[in-house]
């Protein structure tokens, strides 16, 4: 009967970046919210709770990548959900072959281990690159504030790990030995004059020596991101490998855009394929050269292809 | 040296909290010795106390444990 028919209108702009994911039930969708770096102001959290209560199911789901997902949203309510969330300035995230919402640790404002402002980097990348279509597959980015690497940078297409290069002023050193004791990598030993001896080859650039030094004899002479590229998890995991060191924080967006340009070109015609698998096909030098032309001071001399994790299931061969 | 606080056998971060409590009972400008186990305690506690604004003076190893000397700095 014509009277029962109802035409649903949905603003196509709301669907453009994805973020609405089909559920099992008829007409029901999960709405993935955009929470870059996992930082959620209380005002937005309250608005999310309000909208979830009004349109969603009994609970929300915390995704693995720091998002809140609204569950059991009827597709008729898409526009209303987007509008009401928008009043609290909460946006919807994405899915598909796009640059995803970056994840990050708490950063350096309150975490004593944080060496760089990962939150600022995550917000910048979210603002400048979120939702960019890659033409091939998803593209994930993560920021860790220190080499503890809680966000697991190396299983992202682009993984950034805060690091500092330490240098000792021997005059200011009081020979307390705390730096040698604090160094988990064995990169510092006390010499015959009871002064620290530094072995850069062993250094993880975590800054523990600078942080513990009572007199400020250990200084930070360089600060930025260690960059790993080509990682992913999923069915066929790859561990991303080293491409840059001490990349200045303000160059992160430009760096990712540069990687994306290479990915777009090299994956042309290959369908749905992740960056790491393209690096395995093309070899590492092609990407290194491409990046070196723009970031000569930061790109490493050589690197290794993404490392295949043997998950021991099925015929886990990398397609080349 | 009268101010000696034995934090051996106490795990992180309880040892740091005990150190903070002990420092509350001591006047600014006074020196304190903390006895710390090797491993995590000697790596974490000195740095955390420096972060709180106190002045680290020395670290000595004796018979498998460490003596951290610091000066309490007023808040």
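Protein chains in written order, with the numbering used here: chain X, 4 to 323; chain W, 1110 to 1184. Ideal Cβ positions, reconstructed from N, Cα and C, are used throughout, including at glycine.
If contact means a Cβ-Cβ distance below 8 Å, which residues of the stretch 1135-1163 of chain W contact chain X?
1151, 1152, 1155, 1156, 1157, 1159, 1160
Residues within the stretch 199-229 of chain X neighbouring chain W, beta-carbon criterion of under 7 Å
214, 215, 217
In chain order, what residues of the same chain lie with their CB nearer than 6 Å to the CB of residue 40/X, ignoring the 5 residues before and after it?
107, 122, 125
Pick helix, strand or coil for residue 118/X, following the three-state DSSP scheme.
coil
Check whether chain X comes within 8 Å of residue 1165/W, counting only Cβ atoms and requiring the distance to be less than that.
yes
Strictly under 8 Å for the Cβ-Cβ distance: is residue 1132/W near chain X by that measure?
no
I'd like to know whether the C-beta atoms of residue 1114/W and residue 1141/W end up nearer to each other than 8 Å.
yes
Per the contact definition of three or more C-beta pairs closer than 8 Å, is the stretch 154-161 of chain X in contact with the stretch 226-240 of chain X?
yes
From 133/X, 240/X, 230/X, 84/X, pick the residue whose C-alpha is nearest to that of residue 315/X; which is it?
240/X
Can you tell me whether DSSP reads residue 1110/W as helix, strand or coil?
Note on residue 1110/W: pLDDT 49, under 50, position unreliable in the model; the coordinate value appears next. Coil.
Where residue 277/X and residue 64/X are concerned, what is the direct C-alpha to C-alpha distance, given to the nearest angstrom?
26 Å
Around the C-beta of residue 1118/W, are 16 or more other C-beta atoms found within 10 angstroms, so that it is buried, or is it exposed?
exposed
Under 8 Å by beta carbon: chain X residues contacting residue 1168/W:
179, 180, 181, 184
Hey, is residue 31/X close to the ligand PLP, as in C-beta under 7 Å from one of its heavy atoms?
Questions concerning the ligand PLP fall outside what the structure shown contains, since it holds no ligand whatsoever.
Hey, out of 220/X, 227/X, 192/X, 199/X, whose CA is closest to residue 208/X's CA?
227/X
Compile a chain-ordered list of the residues in the stretch 142-172 of chain X whose CB is closer than 9 Å to at least one CB of chain W.
none
Any idea what DSSP makes of residue 324/X, helix, strand or coil?
Not covered by the structure: residue 324/X. The range shown for chain X is 4 to 323.
Within its chain, find whatever has a CB closer than 7 Å to the CB of residue 47/X; leave out the 5 residues flanking it on each side and keep chain order.
91, 92, 93
Among residues of its own chain, excluding the 5 on either side of residue 58/X, which ones have a beta-carbon nearer than 6 Å to its beta-carbon?
76, 80, 84
Does DSSP classify residue 42/X as helix, strand or coil?
coil
Tell me the residue span of the alpha helix (DSSP H) that contains residue 1074/W.
Because chain W is modelled from 1110 through 1184, residue 1074/W falls outside the range shown and cannot be assessed.
Quick check: what's the CA-CA separation for residue 258/X versus residue 164/X?
14 Å
Do the stretch 260-274 of chain X and the stretch 184-204 of chain X touch if we need at least three Cβ pairs shorter than 8 Å?
no
How many angstroms separate the CA atom of residue 220/X from the CA atom of residue 176/X?
5 Å
Looking at the structure shown, is residue 227/X part of a helix, part of a strand, or coil, going by DSSP?
strand
Terminal residues of the continuous beta strand (DSSP E) containing residue 173/X?
Per DSSP, residue 173/X belongs to no beta strand (DSSP E) and is neither H nor E.
Pick from 246/X, 185/X, 251/X that is closest to residue 288/X, judged by C-alpha positions:
246/X
Would you please verify whether the beta carbon of residue 308/X is less than 8 Å from any beta carbon of chain W?
no
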